[in-house]
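> For the sequence shown, my numbering begins at 298 and goes up steadily by one.
C-beta: ideal position from N, C-alpha, C; glycine also.
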Amino acid sequence: MDVELVLAVDVSASIDGGEVNLQRAGYVAALTDPRAIEAMLSGPLGRVALTYVEWSDTAQVTVGWQVIASAADARRFAVGIQAFPIPKGGLTSITTALDFSSLLFERNGIEGTRRVIDLSADGRDSKGDEPQVAAARDRAVSRGIIINGLVINPQQEQSEVEGVKYDLEGYFHEVVIGGPGAFTVVTDSPEDFPRTVVNKLVLEIASGPHAPGDLAAREIGFRPGG
């Protein structure tokens with residue numbers, strides 16, 4: 298495979314059922330978008346492997362590993378996302394999400410030239426233990442895994458405590474993302490979510506490296522890290 302990609306999606310209690318559906322619809326739209334399909338099929342090997350994980354204080358695989366070697370494969374994967382019942386949200390455990398997602402590469406029987414976790418969240422780890430989150434990131438990076446971040450509606454995080462402004466994007470940059478070329482993107486509104494996901498997926502799965510100054514990256518709020 299050109300890339301093995303875990304789509305790790307936040308379904309914690311701070312994200313209601315409607316927002317979970319919004320995220321799912323965004324990924325469905327992204328995975329069936331012609332730009333994303335072209336990116337998945339245009340690498341040196343012409344195929345990628347995807348799995349879709351939903352997490353809170355626990356994590357579960359919503360759609361298992363599938364090889365995407367055609368537009369029909371991408372559509373089949375997208376249909377699977379919507380078919381799974383919406384899980385009951387718990388606390389936000391980014392540590393759990395990273396450790397769970399990292400292990401999925403070890404038993405998938407697939408060999409990719411890159412391993413990537415695409416982790417979305419609308420808040421920080423509920424335990425507030427930044428060293429623990431950073432340690433989970435470091436464990437993944439030590440296995441050759443790249444972690445990219447998708448920050449959902451950071452204004453919500455900023456307004457939770459009156460008079461205190463949290464930099465959720467900066468938090469991702471400091472303790473969540475890691476590995477060569479790792480980056481964070483931000484989606485500020487429900488309307489913007491599908492477009493952001495499309496551009497992010499293209500950036501992650503397209504063949505060839507992307508420098509931090511890449512136009513596509515700037516368009517989606519690229520913030521490099523690692």
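For Ile365, write down the residues that DSSP places opposite it in a beta bridge.
Position 68 of the sequence shown, counted from the start, is the residue given in the question as residue 365. Per DSSP, Val345.
> With DSSP run on the structure shown, which of helix, strand or coil describes Ser417?
Taking the first residue of the sequence shown as 1, we reach residue 417 at position 120. Here DSSP, grouped into helix, strand and coil, assigns Ser417 to strand.
> For Val358 and Phe374, which I take to be in contact (beta-carbon distance under 8 Å), what is that distance rounded to the nearest angstrom?
Position 61 of the sequence shown, counted from the start, is the residue given in the question as residue 358. Position 77 of the sequence shown, counted from the start, is the residue given in the question as residue 374. Val358 to Phe374, Cβ: 13 Å. No contact.
> Quick check on Gln379: buried or exposed, where buried means 16 or more other Cβ atoms within 10 Å of its Cβ?
Indexing the sequence shown from 1 puts residue 379 at position 82. It is exposed - the Cβ of Gln379 has fewer than 16 other Cβ atoms within 10 Å.
> Write down every uninterrupted run of the beta strand (DSSP E) in the region 474-508 whose length is 3 residues or greater and which is fully enclosed by it, in chain order.
480-484
> Between which two residues does the beta strand (DSSP E) harbouring Gly406 extend?
Here residue 406 refers to the residue found at position 109 when the sequence shown is read from its first residue. It is not in any beta strand (DSSP E) - Gly406 carries neither H nor E in the DSSP assignment.
> How would you call Ala310, buried or exposed, if buried means at least 16 neighbouring beta carbons within 10 angstroms?
For the purposes of this step, residue 310 is identified with residue 13 of the sequence shown, where counting begins at 1. When all chains shown are included, Ala310 counts as exposed.
> Can you tell which of Arg372, Trp352, Asn318, Arg321 has the C-alpha that lies nearest to the C-alpha of Pro524?
Residue 524 cannot be examined here, being either before or after the span of the chain that is shown, 298 to 523.
> Name the DSSP bridge partner or partners of Ile443?
Counting from 1 along the sequence shown, the entry for residue 443 is found at position 146. Paired residues: Val413.
> Thinking Leu296 and Ile444 are a contact (beta carbons under 8 Å), I'd like their distance in whole angstroms, please.
The first residue shown for the chain is 298 and the last is 523, placing residue 296 beyond what the model contains.
> Around the C-beta of Arg440, are 16 or more other C-beta atoms found within 10 angstroms, so that it is buried, or is it exposed?
One-based indexing of the sequence shown puts residue 440 at position 143. The residue in question, Arg440, is exposed, as its Cβ has fewer than 16 Cβ neighbours within 10 Å.
> Within a Cβ cutoff of 8 Å, which residues of the same chain sit near Asp422, ignoring the five residues on either side of it in sequence?
As a first step, residue 422 must be located in the sequence shown, where it is residue number 125. For Asp422, where only same-chain residues beyond five positions count, the Cβ hits under 8 Å are Thr389, Ser390, Ile391, Thr392, Gln429, Val430.
> Would you call Pro491 buried or exposed, if buried means 16 or more other Cβ atoms sit within 10 Å of its Cβ?
Locating residue 491 in the sequence shown gives position 194, where the first residue counts as 1. By the neighbour-count rule (16 or more Cβ atoms within 10 Å), Pro491 is buried.
> Where do the ends of the beta strand (DSSP E) carrying Ala305 lie?
Counting from 1 along the sequence shown, the entry for residue 305 is found at position 8. From DSSP, the beta strand (DSSP E) with Ala305 extends over 301-307.
> Could you tell me which of Met298, Ser367, Ala327 sits nearest to Val499, measuring between CA atoms?
Mapped onto the sequence shown, residue 499 falls at position 202. Ranking Met298, Ser367, Ala327 by Cα distance to Val499 puts Ala327 first.
> Could you tell me the distance, in whole angstroms, from the CA atom of Ala385 to the CA atom of Asp354?
Locating residue 385 in the sequence shown gives position 88, where the first residue counts as 1. Locating residue 354 in the sequence shown gives position 57, where the first residue counts as 1. Residue identity check: residue 385 is Lys in the sequence provided, not Ala. C-alpha of Lys385 to C-alpha of Asp354: approximately 10 Å in a straight line.
> Using a Cβ-Cβ cutoff of less than 7 Å, which residues in the same chain neighbour Glu427 once the five nearest sequence positions on both sides are dropped?
Looking up residue 427 in the sequence shown gives position 130. Val472, listed in sequence order.
> Can you look up Ile391 in the DSSP assignment and give me helix, strand or coil?
Position 94 of the sequence shown holds residue 391. DSSP places Ile391 in helix when its eight states are reduced to three.
> Reducing DSSP to helix, strand and coil, say where Ala310 ends up.
By one-based count along the sequence shown, residue 310 stands at place 13. Ala310 falls in the coil class under three-state DSSP.
> Here's the rule I'm using: 16 or more other beta-carbon atoms within 10 Å means buried, otherwise exposed. How should Asn496 be labelled?
Counted from its first residue, the sequence shown places residue 496 at position 199. Flag for Asn496 reads buried.
> Quick one: what's got a C-beta closer than 6 Å to Phe397's C-beta in the same chain, skipping five residues either side?
The residue labelled residue 397 in the question sits at position 100 within the sequence shown. Closer than 6 Å at the Cβ level, and outside the excluded window around Phe397, lie Ala356.
> Can you tell which of Leu304, Asp299, Val448 has the C-alpha that lies nearest to the C-alpha of Ile339?
By 1-based counting over the sequence shown, the position of residue 339 is 42. One detail in the question is off: residue 339 reads as Ser in this sequence, not Ile. Answer by Cα proximity: Asp299.
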